[in-house]
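> I have a structure here, written as structure tokens, and I will follow up with some questions on it.
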Amino acid sequence: MMIKVLAVCGLGQGTSLILKMNVEQALADRGISADVEHTDVSSASNMGADYIITGNELAESLTDHQAKILIVNNYFDMDEINKVIDENLVN
Amino acid sequence: MKFLEESIVKFGVEVSNAYEAIEAAGDLLAEDELIEGSYIEAMKNAYKENGPYFVLAPHIAIPHARPEDGVKEASVSLVQLKNPIEFGHSSNDPVRLVFGLGASSSDEHLTLLRKLTMLLNDPVNIEKLTHATTYEEIKNIVEMER
């Protein structure tokens, strides 16, 4: 089954899209096929996913989610995003 | 669609708190009639309600609200702060660059975010944006993403 990843921000309008783009890039570089969606923090709690990727500020409100929470502090740092993907999604 | 054109970029702006910083970035968009005044209020409310999560990277804030809060045209402005400002973010404070994002529901929104992401994925560009004093100094890097 395809891996499902949610990129989450406060409104689901801007910042989660930026994160989604860079996460998709990192996954594509590794040949991992995944379904990456972006959404706001309140909708995320009702959405199924294998992984949620977000900043540390919003991670606290998502701790009840069944998905594994991955934290990225710098959305523009591909090294950090690549590292998070390598440590969690690459077997 | 307007992406960091000269009229919506301002250097060395003096503000005393995060709300004023958001307002300054919003004012640039409002002066060019890219957003309604209500959108600036919505950006400030989003900060009040959801916190500083939009400080996406060290020293970089991208305040925005929803398209229905009063966006006329998809747009990105930039306010470079004279004095760094604390937004209350646990790892990315203080903020030096504020990109006001006029979020639209059109495809242009995606195009703008792609440009902004490409621009800011390169640390050299961030360095230039942080230290520039005139538009000429950033014209090349901005136009490459335009």
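Here the protein sequences line up with chains Y and D, keeping their order. For the first sequence, the numbering used here begins at 1027 and goes up steadily by one. For the second sequence, the numbering used here begins at 13 and goes up steadily by one. Beta carbons are placed, not taken as given, at the ideal position from N, Cα and C, and that holds for glycine.
Counting Cβ pairs closer than 8 Å, one from the segment 67-83 of chain D and one from the segment 1088-1108 of chain Y, do we hit at least three?
Touching, yes, given that three or more Cβ pairs across the two stretches are closer than 8 Å.
> Apart from the five residues on each side of it in sequence, which residues of its chain come closer than 6 Å, Cβ to Cβ, to lysine 1046 (chain Y)?
Contacts found: Ala1033, Val1062 and His1064.
> Quick one: does glutamate 1083 (chain Y) have its CB under 8 Å from some CB of chain D?
Yes, contact with chain D.
> Using a threshold of 8 Å, state whether the C-beta atoms of alanine 86 (chain D) and glycine 112 (chain D) are closer than that.
No; because the gap between Cβ atoms is not below 8 Å, this pair is not in contact.
> Check each candidate in D:Ile72, D:Leu40, D:Ser117 and D:Ile97 and name the one with the smallest Cα separation from glutamate 80 (chain D).
Glutamate 80 (chain D) has its Cα closest to that of D:Ser117, out of D:Ile72, D:Leu40, D:Ser117 and D:Ile97.
> Anything in chain Y within Cβ reach of histidine 2 (chain D), meaning under 9 Å, just list it in chain order.
The requested residue 2 (chain D) does not occur in the structure, where chain D is confined to residues 13 to 158.
> Should isoleucine 20 (chain D) and leucine 40 (chain D) be called a contact, given that it needs their Cβ atoms to be closer than 8 Å?
Yes, the pair counts as a contact, with Cβ atoms nearer than the cut-off.
> List, in chain order, every chain D residue whose beta-carbon is nearer than 8 Å to that of methionine 1104 (chain Y).
Near methionine 1104 (chain Y) (Cβ distances below 8 Å), the residues of chain D are Asn133.
> By Cβ distance, which residues of its chain are closer than 7 Å to isoleucine 97 (chain D), with the 5 residues on each side in sequence left out?
Same-chain partners within the cutoff: Val27, Asn29, Ala30, Ala33, Pro106 and Val107.
> Given a limit of 8 Å on CB to CB distance, which residues of the segment 79-108 of chain D reach chain Y?
Taking 8 Å as the Cβ-Cβ cut-off against chain Y, the residues of the segment 79-108 of chain D that qualify are Pro79, His101, Ser102, Ser103 and Asn104.
> To which residues of the same chain is tyrosine 51 (chain D) closer than 8 Å at the C-beta, ignoring the five residues directly before and after it?
Counting only Cβ-Cβ distances below 8 Å, and skipping sequence neighbours, we find Gly38, Leu41, Ala42, Ala77, Asp81, Gly82, Val83 and Gly114.
> Could you give the residue range of the beta strand (DSSP E) that holds glutamate 162 (chain D)?
What is shown of chain D runs 13 to 158, which leaves residue 162 (chain D) out entirely.
> Under the three-state reduction of DSSP, which class applies to arginine 108 (chain D): helix, strand or coil?
Arginine 108 (chain D) falls in the strand class under three-state DSSP.
> For leucine 1053 (chain Y), collect the residues of the same chain with a Cβ closer than 6 Å to its Cβ; drop the 5 residues on either side in sequence, then sort them by chain order.
Around leucine 1053 (chain Y): Ala1060.
> Is isoleucine 1058 (chain Y) close to chain D, meaning its C-beta is less than 8 Å from at least one C-beta of that chain?
Output row for isoleucine 1058 (chain Y): interface = no.
> So, is the C-beta of glycine 24 (chain D) closer than 8 Å to a C-beta in chain Y?
Glycine 24 (chain D) does not count as touching chain Y.
> Looking at chain D, is there any beta carbon in it that lies within less than 8 Å of the beta carbon of asparagine 1099 (chain Y)?
For asparagine 1099 (chain Y), the answer is yes, since a Cβ of chain D falls inside 8 Å of its Cβ.
> Could you tell me the distance, in whole angstroms, from the CA atom of serine 1042 (chain Y) to the CA atom of glutamate 148 (chain D)?
In a straight line, the C-alpha of serine 1042 (chain Y) is about 31 Å away from that of glutamate 148 (chain D).
> Between isoleucine 1097 (chain Y) and the rest of its own chain, which residues show a CB-CB distance below 6 Å, the 5 nearest in sequence each way excluded?
The answer, listed in chain order, is Asn1082 and Ala1085.
> Can you list, in chain order, the residues of its chain whose CB lies under 6 Å from that of glutamate 139 (chain D), leaving out five sequence neighbours each side?
The answer is none, since no qualifying residue turns up.
> Any beta carbon of chain D sitting closer than 8 Å to that of isoleucine 1125 (chain Y)?
For chain Y, the structure presents residues 1027 to 1117; residue 1125 (chain Y) sits outside this window and is missing.
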